[in-house]
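Below: one structure, written as structure tokens.
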């Protein structure tokens, strides 16, 4: 009798424990972390479209791709459709709030002509743009997946950056159009351009805001990435951060300008490294974490 009662009680307690366990709230899933391999997949997807030269089918395909990827991650997407020098311009902005204090940006167009190619026969061909275009975009698309909903960030993909020195065109048309229409002053703008180079060397850029530059390089140093974010100034670059700098907005150009395949037909995905995308993504997130902590 005793053994039977104890056995019944033991079974009852075990069942009760199972019921209580099933009713307990599940442990929250850990927040997603930046994945350079997933970012690299976005490089490959862009490359598969072909060169995203303005007005091309690949250019139009990319706009749909970017909008779909952002919306899949819960971002609101707006297209700024305008015109510069007689050319249609489409800038893509993903937000979760109306006026984000931080803009992270990259250009998505590919250059019409590989006019820096060592072979003259290739100079009339379009640039594939795996690093010069697709790499910065890829990091922003992966950041769209991992940024928390309360991150005070807008993700901006600008058009027609890379067509300067071509008759009828100029550099940075898309970012100029966006900055001219901007009706508020973000606290920081960070441009990612050519940041996927497998031999990553990002130097400080002379036209960038010095204070914001120091903040980002300090974040890189905390992560142990000082060999990739080199604490020296090297280049002055006419790039998409300039229209914001001209408006008095803190803006920085993160660019590896020591890229031997710039404006050649060899700017292909095999020259891009998932590790480089990982490093840049982590540095941006580390800087953003510090920025958010100061706002609390």
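In the working numbering, the protein residues as written are 1318 to 1613.
C-beta: ideal position from N, C-alpha, C; glycine also.
Each of 1376, 1495, 1461 and 1348 was checked against the Cα of residue 1429, and the nearest Cα belongs to 1376. Close CB contacts of residue 1525 within its chain, under the 7 Å cut and outside five residues either way in sequence, are with 1558, 1568, 1569 and 1570 (chain order). With 16 or more other CB atoms across the displayed protein chains lying within 10 angstroms of its CB, residue 1601 is buried. Per DSSP, residue 1419 is one residue of the beta strand (DSSP E) stretching across 1419-1424. Contact between residue 1420 and residue 1473 is confirmed by a C-beta separation of about 5 Å, below the 8 Å threshold. Residue state for residue 1386 is assigned as helix, using DSSP reduced to three classes. Residues 1431, 1581 and 1582 of the same chain have their beta carbon placed closer than 8 Å to that of residue 1439, with the five preceding and five following residues left out of the count.
Rounded to the nearest angstrom, the Cβ distance from residue 1538 to residue 1530 is 13 Å, too far for a contact under 8 Å. Rounded to whole angstroms, residue 1552 and residue 1523 show a C-alpha spacing of 6 Å. The three-state reading of DSSP puts residue 1546 in strand, counting E and B together. By the neighbour-count criterion, in which 16 or more other beta carbons inside 10 Å mark a residue as buried, residue 1459 falls on the buried side. Between residue 1353 and residue 1594, the alpha-carbon positions lie close to 5 Å from each other.
In this structure residue 1597 is buried. Its beta-carbon is surrounded by 16 or more other beta-carbon atoms within 10 angstroms. Bridge pairing for residue 1395: 1410 [DSSP]. A direct Cα-Cα distance of roughly 21 Å separates residue 1443 from residue 1555. A Cβ-Cβ distance of about 6 Å is found for the pair residue 1451 and residue 1364, placing them in contact under the 8 Å criterion. Beta-bridge analysis with DSSP links residue 1400 to 1405. About 13 Å separates the beta carbons of residue 1416 and residue 1393, which is beyond the 8 Å limit, so they are not a contact pair.
With a 10 Å radius around the Cβ and a threshold of 16 neighbouring Cβ atoms, residue 1587 comes out exposed. Per DSSP, residue 1367 is not a residue of any beta strand (DSSP E), being assigned neither H nor E.
Apart from the 5 residues on each side of it in sequence, residue 1433 sits with its Cβ closer than 7 Å to the Cβ of 1579, 1580 and 1581 in its chain, given in chain order.
Between the alpha carbons of residue 1485 and residue 1492 lies a distance of about 17 Å.
Residue 1611 and residue 1482 have their C-alpha atoms spaced approximately 42 Å apart. By the neighbour-count criterion, in which a residue is buried when 16 or more other Cβ atoms sit within 10 angstroms of its Cβ, residue 1395 is exposed. Excluding five sequence positions before and after residue 1546, the CB atoms of its chain that fall closer than 7 Å to its own CB belong to 1519, 1534, 1537 and 1600, given in chain order. Straight through space, the alpha carbons of residue 1528 and residue 1390 are spaced by roughly 32 Å. Annotated as proximal: residue 1573 and residue 1514, with beta-carbon spacing under 8 Å. Distance from the Cα of residue 1410 is smallest, within the candidate group 1383, 1403, 1400 and 1427, for 1383.
Its Cα nearest to that of residue 1399, the residue 1494 stands out among 1494, 1500, 1591 and 1608.
Among the bridge pairs identified by DSSP, residue 1470 is matched with 1419.
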